[in-house]
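Notes follow once the structure below has been shown.
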Amino acid sequence: MPKNRVILLSDCQSFYASVEKAAHPEHRDKPVAIGDPTRMNGIVLAACPIAKAQGVTTASRVGEAMTKCPGLIVIRPRMGTYIKVSLLISEIYRTYTDLVEPYSIDEQFLDITGSLAYFGGSLKYMIQKIQHHVLLSTGVWTRVGIGSTKVMAKMATDNYAKKTKEGIYELTFDQLESTLWRLPVQDMFMVASRMTRNFWRMGISTIGDIARMELPEFKQRMRITMGKQSDIQAEYYWQTARGLDPSPVVTGIRHQIKSVGHGKALRWNLYTRLIDIEVVLLELVIEVCQRARRYRYMGAVVSVSVLETDGERSHSYERQMTLPEPSSLTHEVAAAALKLFVDHWSGLPVGRLAITLSHLSDDLVIQLTLFDDRVRSYNKERAIDGIKARYGNQALIRASSLLESGVALERAEQIGGHYK
Numbered sequence: 001m002p003k004n005r006v007i008l009l010s011d012c013q014s015f016y017a018s019v020e021k022a023a024h025p026e027h028r029d030k031p032v033a034i035g036d037p038t039r040m041n042g043i044v045l046a047a048c049p050i051a052k053a054q055g056v057t058t059a060s061r062v063g064e065a066m067t068k069c070p071g072l073i074v075i076r077p078r079m080g081t082y083i084k085v086s087l088l089i090s091e092i093y094r095t096y097t098d099l100v101e102p103y104s105i106d107e108q109f110l111d112i113t114g115s116l117a118y119f120g121g122s123l124k125y126m127i128q129k130i131q132h133h134v135l136l137s138t139g140v141w142t143r144v145g146i147g148s149t150k151v152m153a154k155m156a157t158d159n160y161a162k163k164t165k166e167g168i169y170e171l172t173f174d175q176l177e178s179t180l181w182r183l184p185v186q187d188m189f190m191v192a193s194r195m196t197r198n199f200w201r202m203g204i205s206t207i208g209d210i211a212r213m214e215l216p217e218f219k220q221r222m223r224i225t226m227g228k229q230s231d232i233q234a235e236y237y238w239q240t241a242r243g244l245d246p247s248p249v250v251t252g253i254r255h256q257i258k259s260v261g262h263g264k265a266l267r268w269n270l271y272t273r274l275i276d277i278e279v280v281l282l283e284l285v286i287e288v289c290q291r292a293r294r295y296r297y298m299g300a301v302v303s304v305s306v307l308e309t310d311g312e313r314s315h316s317y318e319r320q321m322t323l324p325e326p327s328s329l330t331h332e333v334a335a336a337a338l339k340l341f342v343d344h345w346s347g348l349p350v351g352r353l354a355i356t357l358s359h360l361s362d363d364l365v366i367q368l369t370l371f372d373d374r375v376r377s378y379n380k381e382r383a384i385d386g387i388k389a390r391y392g393n394q395a396l397i398r399a400s401s402l403l404e405s406g407v408a409l410e411r412a413e414q415i416g417g418h419y420k
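Residues in the sequence shown are numbered consecutively from 1, following the UniProt record's numbering.
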């Protein structure tokens with residue numbers, strides 16, 4: 001990508017909390033966090049700057065947050081509302097450029113190279129106009145990082161724009177050595193705790209330690225620590241440290257999905273028996289298959305991820321199985337998922353369960369079998385899908401979901417595991 005591109009990464013500050021404060025102006029000067037106020041052991045999804053200043057952090061427990069901040073107002077999340085606001089913000093961005101790429105619900109890339117001239121060529125003026133447009137329309141303040149590549153814009157936002165009063169920072173190639181390269185390696189994009197420890201073992205402590213090396217030397221050091229398969233990772237991190245990123249800002253879906261999955265965190269003390277766990281397992285399979293059919297996919301591989309815990313001991317694992325034929329039929333996927341779980345479950349209570357369908361292929365061609373009318377099964381499932389699409393997932397549910405162990409009715413009121 002040419003170095004003269006002008007790319008922004010716009011991040012919504014404390015997005016969920018900002019949306020709720022806009023909806024509740026009486027909380028404007030009060031500490032607000034987003035979470036389930038009825039579950040002290042639940043996690044905080046977001047916290048406003050006032051709450052953060054008093055020690056409330058994302059992913060902390062609600063009870064812990066309320067102890068640190070006695071006046072904390074905890075509001076139950078409304079995921080449907082946040083998605084609508086995020087889509088509105090996307091529309092606002094599109095009035096400034098047609099090249100808008102959502103990165104997450106609260107972050108979006110904008111390529112303004114072609115539209116900057118319409119604002120007199122003043123980059124700061126254009127960004128401030130965007131910031132205030134979003135603020136006036138939604139009550140959400142945005143921080144904007146600027147770079148000539150997407151990865152530079154992202155690191156400019158995360159490491160600098162979020163820390164400035166005006167929420168704007170431009171990171172250029174000329175500045176890298178005096179700015180980004182001085183930061184600890186864990187501040188580099190896509191470097192989490194495990195990778196940080198690997199870099200430390202390699203004697204790498206700053207982003208500049210990677211950037212100043214020649215690529216062959218860095219690959220060799222990565223191989224010594226992480227094995228021969230690490231060459232692709234090495235090239236990615238080396239390019240990131242230097243701000244290199246060939247990917248353009250593209251509108252719409254960035255890539256074809258590679259898998260479809262759903263998971264559910266469970267209260268482990270309620271899921272000690274197979275009969276109860278099997279109910280949730282089936283419910284997750286139903287959701288996965290329904291979503292796969294909506295995308296017109298079948299999957300060849302079924303994966304089951306399990307967290308077992310008794311409150312003191314914890315053990316997690318993932319197992320997978322290749323199906324005889326690619327499928328998105330509930331009964332076929334459920335049979336494979338149940339077998340995987342039963343074969344590997346140690347007997348400890350289950351604290352989390354997830355099902356994934358991968359190795360996807362188009363469902364226009366269905367493999368027929370001698371002993372099962374798969375076409376009829378697909379027609380039945382799609383008829384059920386149509387009813388649910390029109391009237392909601394709770395319109396048709398399995399009888400087993402009415403048992404105490406069922407979570408389907410609860411999930412029907414949620415998006416992404418959180419309330420709509």
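Ideal Cβ placement from N, Cα and C applies to all residues, glycine included. Note that the structure is predicted; figures quoted are calculated from it, not measured.
CB-CB length for isoleucine 43 against serine 60, believed under 8 Å: As a working note, residue 43 is residue 43 in the sequence shown. As a working note, residue 60 is residue 60 in the sequence shown. The Cβ separation is near 7 Å, so the contact holds.
Residues sharing a beta bridge with histidine 315, DSSP: Locating residue 315 in the sequence shown gives position 315, where the first residue counts as 1. Glu308, per the DSSP bridge assignment.
For arginine 293, the three-state DSSP class (helix, strand or coil): Along the sequence shown, read from residue 1 onward, the residue named residue 293 stands at position 293. Residue state, collapsed to three classes: helix.
Within the stretch 47 to 130, ranges of the beta strand (DSSP E) (whole runs, at least 3 residues): 73 to 75, 100 to 104 and 107 to 111
Cutoff 7 Å; reference leucine 116; Cβ partners in own chain excluding five residues on either side: Mapped onto the sequence shown, residue 116 falls at position 116. Once the five neighbours on either side are set aside, the close Cβ partners of leucine 116 are Val6, Leu123 and Met126.
In DSSP terms, what alanine 354 is bridged to: As a first step, residue 354 must be located in the sequence shown, where it is residue number 354. Answer by DSSP bridge pairing, in chain order: Gly263 and Ser305.
Unbroken beta strand (DSSP E) run spanning glutamate 217, endpoints: By one-based count along the sequence shown, residue 217 stands at place 217. Following the DSSP letters along the chain, one finds glutamate 217 in no beta strand (DSSP E) but inside the alpha helix (DSSP H) bounded by residues 215 to 226.
Residue range of the unbroken beta strand (DSSP E) whose run includes serine 10: As a working note, residue 10 is residue 10 in the sequence shown. Here the beta strand (DSSP E) through serine 10 covers 7 to 12.
Cα-Cα separation, arginine 254 to tyrosine 295: As a position in the sequence shown, residue 254 is number 254, starting the count at 1. As a position in the sequence shown, residue 295 is number 295, starting the count at 1. Any reading at arginine 254 is ruled out, since the residue's pLDDT is 47, under 50, leaving its predicted position unreliable.
Aspartate 362 (DSSP reduced to helix, strand or coil): Here residue 362 corresponds to residue number 362 of the sequence shown, with the count starting at 1. Strand, per DSSP.
Selected residue, minimal CA-CA separation from arginine 223, among Ala241, Phe199 and Arg352: Along the sequence shown, read from residue 1 onward, the residue named residue 223 stands at position 223. Nearest of Ala241, Phe199 and Arg352 to arginine 223, Cα basis: Phe199.
Cβ separation of threonine 97 and isoleucine 112, assumed to be a contact under 8 Å, to the nearest whole Å: The residue you call residue 97 lines up with position 97 of the sequence shown. The residue you call residue 112 lines up with position 112 of the sequence shown. Between isoleucine 112 and threonine 97 the Cβ distance is about 5 Å, and since that is below 8 Å, they are a contact.
Rounded C-alpha distance that separates aspartate 363 from methionine 321: Translated into positions along the sequence shown, residue 363 becomes position 363. Translated into positions along the sequence shown, residue 321 becomes position 321. Their Cα atoms are separated by approximately 19 Å.
Straight-line gap, valine 304 to alanine 337 (C-alpha atoms, nearest Å): Translated into positions along the sequence shown, residue 304 becomes position 304. Translated into positions along the sequence shown, residue 337 becomes position 337. The straight-line gap from Cα to Cα measures roughly 6 Å.
Check whether cysteine 12 and valine 140 have beta carbons under 8 Å apart: Position 12 of the sequence shown, counting from 1, holds the residue named residue 12. Position 140 of the sequence shown, counting from 1, holds the residue named residue 140. Against a cut-off of 8 Å, the Cβ pair of valine 140 and cysteine 12 comes out as a contact.
Proximity below 8 Å, CB of histidine 262 to CB of glutamate 278: For this step, residue 262 is matched to residue 262 along the sequence shown. For this step, residue 278 is matched to residue 278 along the sequence shown. No, they are not a contact pair.
Span of the beta strand (DSSP E), counted from its first residue to its last, around valine 32: Position 32 of the sequence shown, counted from the start, is the residue given in the question as residue 32. Segment 32 to 34, the beta strand (DSSP E) holding valine 32.
Beta-carbon proximity list for glutamate 325, same chain, < 7 Å, skipping 5 on both sides: Locating residue 325 in the sequence shown gives position 325, counting from the first residue. Correct list, in chain order: Gln367.
8 Å contact criterion, which phenylalanine 109 and alanine 153 should meet: CB distance rounded: Along the sequence shown, one-based indexing puts residue 109 at 109. Along the sequence shown, one-based indexing puts residue 153 at 153. With 8 Å as the limit, phenylalanine 109 and alanine 153 qualify as a contact, their Cβ atoms being about 7 Å apart.
Collapsed DSSP secondary structure at serine 328 in the structure displayed: Residue mapping note: residue 328 aligns to position 328 of the sequence shown, counting from 1. Three-state DSSP puts serine 328 in coil, outside helix and strand.
Proximity winner among Val350, Leu284 and Ala354, relative to histidine 315 (alpha-carbon distances): One-based indexing of the sequence shown puts residue 315 at position 315. When each option's Cα is compared against that of histidine 315, the closest is Val350.
Cβ neighbours of leucine 396 in the same chain (closer than 8 Å, five flanking residues each side left out): The sequence position of residue 396 within the sequence shown is 396, counting from 1. Counting only Cβ-Cβ distances below 8 Å, and skipping sequence neighbours, we find Ile384, Ile387 and Lys388.
Short Cβ contact (8 Å threshold) for cysteine 289 with valine 342: Along the sequence shown, one-based indexing puts residue 289 at 289. Along the sequence shown, one-based indexing puts residue 342 at 342. Cβ distance not < 8 Å, so cysteine 289 and valine 342 don't count as in contact.
Separation of isoleucine 204 from alanine 51, as counted between CA atoms: Translated into the one-based positions of the sequence shown, residue 51 becomes position 51. Translated into the one-based positions of the sequence shown, residue 204 becomes position 204. Rounded to the nearest angstrom, the two C-alpha atoms are 35 Å apart.
CB contact flag (leucine 45, threonine 57, <8 Å): Translated into the one-based positions of the sequence shown, residue 45 becomes position 45. Translated into the one-based positions of the sequence shown, residue 57 becomes position 57. Not closer than 8 Å, so no.
8 Å Cβ cutoff met for valine 250 and glutamate 101: For the purposes of this step, residue 250 is taken as residue 250 along the sequence shown, with counting starting at 1. For the purposes of this step, residue 101 is taken as residue 101 along the sequence shown, with counting starting at 1. Contact: yes.
Own chain, CB closer than 7 Å to valine 285, minus 5 neighbours either side, in chain order: What you label residue 285 is simply residue 285 of the sequence shown in a count that begins at 1. Closer than 7 Å at Cβ, skipping near neighbours: Thr330, Val333, Ala334, Ala337 and Ile355.
Paired residues, beta bridge with arginine 143 - DSSP: Locating residue 143 in the sequence shown gives position 143, counting from the first residue. Answer by DSSP bridge pairing, in chain order: Asp11.
Pair within 8 Å by beta-carbon distance, glycine 208 and tryptophan 181: The sequence position of residue 208 within the sequence shown is 208, counting from 1. The sequence position of residue 181 within the sequence shown is 181, counting from 1. For glycine 208 and tryptophan 181, yes; Cβs fall inside 8 Å.
Endpoints, alpha helix (DSSP H) assigned at isoleucine 397: Taking the first residue of the sequence shown as position 1, residue 397 is located at position 397. No alpha helix (DSSP H) holds isoleucine 397; DSSP gives it neither H nor E.
Rounded distance between the beta-carbons of isoleucine 105 and valine 144, thought under 8 Å: For the purposes of this step, residue 144 is taken as residue 144 along the sequence shown, with counting starting at 1. For the purposes of this step, residue 105 is taken as residue 105 along the sequence shown, with counting starting at 1. Contact flag wrong, Cβ pair sits at about 17 Å.
Reference serine 178; option with closest CA among Met226, Arg242, Lys129 and Thr309: Translated into the one-based positions of the sequence shown, residue 178 becomes position 178. Taking only the C-alpha atoms, the option nearest serine 178 is Arg242.
Residue from Arg197, Arg201 and Phe189 whose Cα sits closest to the Cα of aspartate 245: Working through the sequence shown from its first residue, we reach residue 245 at position 245. The shortest C-alpha separation from aspartate 245 is found at Phe189.
N-terminal and C-terminal residue of the alpha helix (DSSP H) that tyrosine 237 is part of: Residue 237 sits at position 237 when you count from the first residue of the sequence shown. Start and end: 231 to 241.
N- and C-terminal bounds of the beta strand (DSSP E) containing isoleucine 257: Here the question's residue 257 lines up with position 257 in the sequence shown. Element bounds for isoleucine 257: n/a, residue is neither H nor E.
Spatial neighbours of leucine 307 in its chain, beta-carbon cut-off 6 Å, leaving aside the 5 residues before and after: As a working mapping, residue 307 is identified with position 307 in the sequence shown. Ser316, Gly351 and Arg352.
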